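Asker: Positions 82 to 163 (my numbering) are the ones given, in order, by the sequence shown. All residues carry an ideal CB built from backbone N, CA and C; glycine is no exception. Note that this is a predicted model, so its numbers are computed, not measured.
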Amino acid sequence: MLNAGVDTTGVLRKALESAFPGAEIEVSSASPGHFELRVVSKAFEGKTRVQQQQLVYRAITHLMSGDTAPVHAIDRMQTLVP
């Protein structure tokens, strides 16, 4: 759970950077609680698009769980291999 005033975009970015070291990561807020992600990582090599997205969701699931979760939805997710 995040306190009011916490930069959710920054928290999302840090969670993704931790899960995908060295990745190119873009996070933008589409509307309150809704975000768009772009992750370019070598970790996606040899994986299907669904497997790539599952890795991303695994990295941020703690931000999407519970009644007071700061992330309600990922409206757009782009996963790419460099």
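Measuring CB atoms only, is the region 125 to 133 touching the region 144 to 157, in the sense that at least three cross pairs come out at less than 8 Å?
Answerer: Contact fails: fewer than three Cβ-Cβ distances are below 8 Å.
Asker: With distances taken between CB atoms, is the gap from residue 137 to residue 120 smaller than 8 Å?
Answerer: Taking 8 Å as the Cβ cut-off, residue 137 and residue 120 qualify as a contacting pair.
Asker: Could you name each continuous beta strand (DSSP E) segment of 3 residues or more that falls completely within the region 96 to 152, going from the start of the chain to the end?
Answerer: Runs found: 105 to 112, 115 to 121.
Asker: Taking the beta carbon of residue 133 as the centre, do at least 16 other beta carbons fall within 10 Å, making it buried, or is it exposed?
Answerer: That one is buried.
Asker: Let's test the definition: count the other Cβ atoms within 10 Å of the Cβ of residue 88 and tell me whether it reaches 16, buried, or not, exposed.
Answerer: So residue 88 ends up on the exposed side.
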